[in-house]
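To start, the structure under review is shown below, and the notes come after it.
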């Protein structure tokens with residue numbers, strides 16, 4: 002891979018999702034990728050579950066009234082990680098020479114996961130799952146595992162990806178920082194003011210993002226969606242609408258927590274900022290909590306990156322051959338143990354530190370953070 006760029010433009014796309022309609026949202030996402038690239042961006046970040054729309058019924062309706070919406074969400078909004086929607090996004094990124102982070106509801110067998118694609122301009126694809134769905138999200142979605150907590154070496158430096166309240170997990174943030182993250186991509190849903198906990202509000206989560214930028218010394222590119230009248234009608238029908246319109250918070254922060262760009266809370270908008278990765282090291286010269294500002298004699302972190310599988314199969318498994326031509330380079334494609342046939346062999350052995358995305362190579366970078374976190378597993 003060529004030397005990573007140090008200065009480039011990033012974008013965050015605040016796009017109203019059509020609830021439970023992956024195909025309608027795919028068209029909006031592809032258009033936004035093209036617009037961001039035309040605006041000079043080399044990276045664009047989308048909201049949590051951007052392809053499906055966020056299932057707000059889990060917060061707003063009694064469980065007994067949710068069953069039809071859950072079924073509709075499963076059948077019309079959720080997609081497979083390596084399905085045609087991913088291929089369309091991949092082709093768009095290649096065509097427009099841009100990297101994109103897109104949230105989607107991943108359907109794997111009978112279960113759903115809150116997942117993200119990290120798609121590169123050369124066609125490389127990473128799939129990750131949300132480490133732990135938040136509160137009522139666990140009605141619908143399953144967990145990720147330690148292999149989802151990873152920073153990737155790309156043409157834009159060391160890029161990491163998280164969703165929503167993963168940013169409130171202190172040890173998760175510590176693990177990301179120990180991998181020398183430089184650009185952090187954050188995907189969020191919407192921040193309605195009526196939810197019962199202030200910790201779910203726009204202001205509280207803005208504070209989480211600022212803390213992430215300052216504590217890790219990274220640029221934070223964060224995207225959310227917002228609530229429209231059409232989506233409220235979809236959730237509530239003729240019932241009283243207990244959530245308000247808007248609620249978006251899409252922003253870009255520098256490594257010391259300054260706001261570089263901020264979207265309006267209630268409209269479709271792509272925001273941009275120019276970044277210089279040298280600013281990360283200016284910030285870390287005084288504050289590097291997983292480097293010179295750590296105390297490994299007092300605190301140590303055990304970090305298990307091993308992928309977890311429901312069934313581990315011993316011996317050969319018969320499978321139909323899958324053509325390898327034009328197959329995307331999956332660095333971490335989640336599948337059942339019975340179908341690994343078109344996953345790149347490079348995905349079976351991954352380095353403990355920063356994996357390189359482009360070119361299918363593995364690298365391990367030693368640095369001041371390497372002695373802070375004890376890393377286990379070969380995800």
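Residue numbers (the numbering used here): 2 to 380.
The C-beta atom is built at its ideal place from N, Cα and C for all residues, glycine as well.
These numbers were taken from a predicted model, which means no experiment stands behind them.
(Q) I need the straight-line Cα distance from residue 148 to residue 308, nearest angstrom please. (A) Rounded to whole angstroms, residue 148 to residue 308 spans 5 angstroms at the Cα level.
Q.
Less than 7 angstroms between C-beta atoms, sequence neighbours within five positions excluded: which residues of the same chain meet that for residue 218?
A. 256, 281, 284, 285, 288 and 289
Q: Evaluate residue 83 with the Cβ neighbour count: other Cβ atoms within 10 Å of its Cβ, from every protein chain shown; 16 or more gives buried, anything less gives exposed.
A: buried
Q) In whole angstroms, what separates the C-alpha of residue 21 from that of residue 89? A) Straight-line measurement puts the Cα of residue 89 at about 19 angstroms from the Cα of residue 21.
**Q.** Assigned secondary structure, residue 132 (DSSP; H/G/I helix, E/B strand, else coil)
**A.** coil
Q: Provide the residue(s) that pair with residue 251 in DSSP beta bridges, ordered along the chain.
A: Residue 251 pairs with nothing; no bridge assigned.
Q) Is the beta carbon of residue 254 sitting closer than 8 angstroms to the one on residue 214? A) Yes, the pair counts as a contact, with Cβ atoms nearer than the cut-off.
(Q) Any contact between the stretch 254 to 273 and the stretch 10 to 20? By contact I mean 3 or more CB pairs, one from each, below 8 angstroms. (A) Result yes; three or more Cβ-Cβ pairs closer than 8 angstroms.
Q) What residue from 185, 98, 29 and 52 has the CA that sits closest to residue 150's CA? A) Closest by C-alpha distance to residue 150, out of 185, 98, 29 and 52, is 185.
Q. Measuring CB to CB, does residue 207 end up less than 8 angstroms from residue 250?
A. Their beta carbons are under 8 angstroms apart, which means residue 207 touches residue 250 by this criterion.
Q. Which two residues bound the contiguous beta strand (DSSP E) that contains residue 220?
A. 220 to 224
Q: Provide the residue span of the beta strand (DSSP E) that contains residue 12, from first to last.
A: 8 to 15
Q: Give me the Cα-Cα distance between residue 121 and residue 136, rounded to the nearest whole angstrom.
A: 32 angstroms
Q.
On the DSSP letters alone, give me the boundaries of the alpha helix (DSSP H) that residue 87 sits inside.
A. 85 to 97
Q: With DSSP as the reference, label residue 269 as helix, strand or coil.
A: DSSP places residue 269 in coil when its eight states are reduced to three.
Q: Report buried or exposed for residue 193, applying the criterion of at least 16 other Cβ atoms within 10 angstroms of its Cβ.
A: buried
Q) Between which two residues does the beta strand (DSSP E) containing residue 159 stretch? A) 158 to 164
Q) Which residue from 97, 142 and 163 puts its Cα closest to that of residue 127? A) 163
Q. Hey, quick one: how far does the alpha helix (DSSP H) through residue 234 stretch, first residue to last?
A. Judged by DSSP secondary structure, residue 234 falls within the alpha helix (DSSP H) whose first and last residues are 230 to 237.
**Q.** Inter-residue Cα distance where the pair is residue 159 and residue 172
**A.** 19 angstroms
Q: Can you tell me which of the three DSSP states residue 58 falls into?
A: helix
Q: State buried or exposed for residue 291, treating a residue as buried only when at least 16 other CB atoms are found within 10 Å of its CB.
A: buried
Q. Does the stretch 95 to 106 come close enough to the stretch 42 to 55 that 3 or more CB-CB pairs lie under 8 angstroms?
A. yes
Q.
Just verifying my parser: in three-state terms, what is the DSSP assignment at residue 170?
A. coil
Q) Can you name the start and end residues of the alpha helix (DSSP H) that residue 296 belongs to? A) Run containing residue 296: none; DSSP gives neither H nor E here.
Q. Once you ignore the five residues that flank residue 247 on each side, which residues in its own chain have a CB closer than 6 angstroms to its CB?
A. Apart from sequence neighbours up to five positions away, the residues of its chain that approach residue 247 with a beta-carbon distance below 6 angstroms are 227, 266 and 267, ordered along the chain.
Q) At which residues does the alpha helix (DSSP H) containing residue 24 begin and terminate? A) 23 to 39
Q: Could you say which of 277, 269, 306 and 302 lies nearest to residue 8 if we only look at CA atoms?
A: The shortest C-alpha separation from residue 8 is found at 277.
Q: Helix, strand or coil for residue 70, going by three-state DSSP, please let me know.
A: Of the three classes helix, strand and coil, the one that applies to residue 70 here is helix, per DSSP.
Q | Start and end residues, alpha helix (DSSP H) containing residue 216 | A | 203 to 217
Q: Indicate whether residue 81 and residue 27 have their beta-carbon atoms separated by less than 8 angstroms.
A: no
Q.
Helix, strand or coil, according to DSSP, for residue 310 in the structure here?
A. DSSP places residue 310 outside both helix and strand once states are collapsed to three, so it counts as coil.
Q) Starting from residue 280 and walking both ways along the alpha helix (DSSP H), at which residues does that stretch end? A) 279 to 285
(Q) For residue 313, count the other beta carbons within 10 Å of its own beta carbon; 16 or more makes it buried, fewer makes it exposed. Which is it? (A) exposed
Q. Under a three-way DSSP split, which group does residue 143 fall into?
A. strand
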